[in-house]
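Taking my numbering, I'd label the letters of the sequence shown as residues 184 to 395. Here a beta-carbon is modelled for each residue, glycine too, at the ideal position from N, C-alpha and C.
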Amino acid sequence: MTQTISVRNLSTRILDVGFGITRDRWGKPEISFSAAPANLALRPGTSADVTLVASASGPLEGDAAGAFVVSPRGSRPVRVPWAVSFRGADEEPLVSSVAISERAFVPSDSGPSVVAFRIGRVADDGSGHALDAVQLLEAELWAANGRQRLGVLGRLNHLLPGRYAFGLTGRGPRGNTLRPGDYVLRLRAQPVAGDAGARVTSVDVPFTIRGE
Numbered sequence: 184m185t186q187t188i189s190v191r192n193l194s195t196r197i198l199d200v201g202f203g204i205t206r207d208r209w210g211k212p213e214i215s216f217s218a219a220p221a222n223l224a225l226r227p228g229t230s231a232d233v234t235l236v237a238s239a240s241g242p243l244e245g246d247a248a249g250a251f252v253v254s255p256r257g258s259r260p261v262r263v264p265w266a267v268s269f270r271g272a273d274e275e276p277l278v279s280s281v282a283i284s285e286r287a288f289v290p291s292d293s294g295p296s297v298v299a300f301r302i303g304r305v306a307d308d309g310s311g312h313a314l315d316a317v318q319l320l321e322a323e324l325w326a327a328n329g330r331q332r333l334g335v336l337g338r339l340n341h342l343l344p345g346r347y348a349f350g351l352t353g354r355g356p357r358g359n360t361l362r363p364g365d366y367v368l369r370l371r372a373q374p375v376a377g378d379a380g381a382r383v384t385s386v387d388v389p390f391t392i393r394g395e
């Protein structure tokens with residue numbers, strides 16, 4: 184897990200700043216920490232970017248949480264929270280239960296073909312409920328052979344588990360009416376940052392545009 188932060192000296196003196204890590208919730212992985220640069224000497228009013236890296240070794244199961252600690256010499260430390268969860272190899276996909284109301288249809292703004300699907304899940308991990316959420320969902324339009332990406336029909340950000348739907352009006356990414364023929368709607372879901380081991384899920388939904 185990598186996080187870049189900007190550190191600014193708001194005092195009237197030069198500050199020597201060091202970095203560390205704390206762990207408030209323990210899972211199975213062993214966590215190691217590094218910072219680049221490892222320390223800073225900041226003049227009054229100046230700032231610098233620091234890249235903080237937490238890496239894990241051992242069985243990648245369970246989860247862990249804590250804080251990156253920014254420690255100015257002679258001042259109180261500042262905590263930057265972090266959390267990471269680890270998935271097993273048999274975890275469920277981020278997009279499932281996909282269904283389309285009409286596989287072949289005439290373009291219509293008022294009566295679109297509806298693609299319904301489920302995002303993520305809510306699971307009981309023994310210590311509480313765990314949410315599998317999605318950082319970004321893209322609805323991509325592809326040619327029927329799956330080799331040519333025609334553009335993006337829509338994007339949704341920060342999706343919690345639940346049922347969602349997308350309407351296919353028969354228009355392309357630029358608003359033009361699609362020519363009659365076969366196409367593929369590809370739902371592409373990206374996991375949230377810190378969900379280690381989660382994979383991007385892609386589901387293809389073929390459909391046909393009919394002539395009027």
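Taking the alpha-carbon positions, what's the A266 to I214 distance? Rounded to whole angstroms, A266 to I214 spans 12 Å at the Cα level.
Closest by CA to P344, which one among L361, R382, F300 and L333? Among L361, R382, F300 and L333, the Cα nearest to that of P344 belongs to F300.
Please specify which runs of the beta strand (DSSP E), each continuous and at least 3 residues long, are wholly inside the stretch 276-350, giving them in chain order. Complete beta strand (DSSP E) runs here, min 3: 278-283, 296-302, 304-307, 312-315, 317-326 and 332-342.
At what residues does the beta strand (DSSP E) containing N222 begin and finish? Secondary structure note for N222: its beta strand (DSSP E) is the uninterrupted segment N222 to L225.
Taking only heavy atoms of the ligand MN into account, decide whether any of them is closer than 8 Å to the Cβ of A221. By its list of ligands, the structure shown contains no ligand whatsoever, and the ligand MN lies outside what it can speak to.
Is there contact here, the stretch 191-198 with the stretch 222-239, by at least three beta-carbon pairs under 8 Å? Cβ pair count under 8 Å is three or more, so yes.
If you drop the 5 nearest sequence neighbours on each side, which residues of the same chain put their C-beta closer than 8 Å to that of E275? Excluding sequence neighbours, E275 sits near R304 and D315.
Status (buried if at least 16 other CB within 10 Å, exposed otherwise) for T360: Looking at its Cβ environment, which holds fewer than 16 other Cβ atoms inside 10 Å, T360 is exposed.
Evaluate S296 with the Cβ neighbour count: other Cβ atoms within 10 Å of its Cβ, from every protein chain shown; 16 or more gives buried, anything less gives exposed. Sixteen is the threshold: when 16 or more other Cβ atoms of the shown chains lie within 10 Å of the Cβ of S296, as they do, the residue is buried.
Between the beta-carbon of V388 and the beta-carbon of G329, is there less than 9 Å? 9 Å or more divides the Cβ of V388 from the Cβ of G329.
Rounded to whole angstroms, what is the Cα-Cα separation between R362 and P356? If you take the alpha carbons of R362 and P356, they lie about 13 Å apart.
Element boundaries [beta strand (DSSP E), containing S385]: Element bounds for S385: T384 to I392.
Pick from L223, S238 and A231 that is closest to R206, judged by C-alpha positions: Of the listed residues, the one whose Cα sits closest to R206 is S238.
Please classify E395 as buried or exposed, where buried requires at least 16 other C-beta atoms within 10 Å of its C-beta. E395 counts as exposed, since fewer than 16 other C-beta atoms from the protein chains shown sit within 10 angstroms of its C-beta.
Mapping the DSSP letters down to three states, classify G249 as helix, strand or coil. Three-state DSSP puts G249 in a strand.
Mapping the DSSP letters down to three states, classify S189 as helix, strand or coil. Three-state result, S189: strand.
Bounding residues of the beta strand (DSSP E) (the contiguous stretch that carries R369): In the DSSP assignment, R369 falls within the unbroken beta strand (DSSP E) covering G364 to P374.
From A231 to L198, what does the alpha carbon distance come to, in whole angstroms? For A231 and L198, the distance between alpha carbons rounds to 12 Å.
Just to confirm my understanding: we take G203, look at its own chain, exclude 5 residues before and 5 after, and list those with CB closer than 6 Å. What are they? Within the same chain, and ignoring the five residues on either side of G203 in sequence, the residues whose Cβ sits closer than 6 Å to its Cβ are V252.
Count the other C-beta atoms from every protein chain shown that fall within 10 angstroms of the C-beta of P374, then say buried if there are 16 or more, exposed otherwise. That one is buried.
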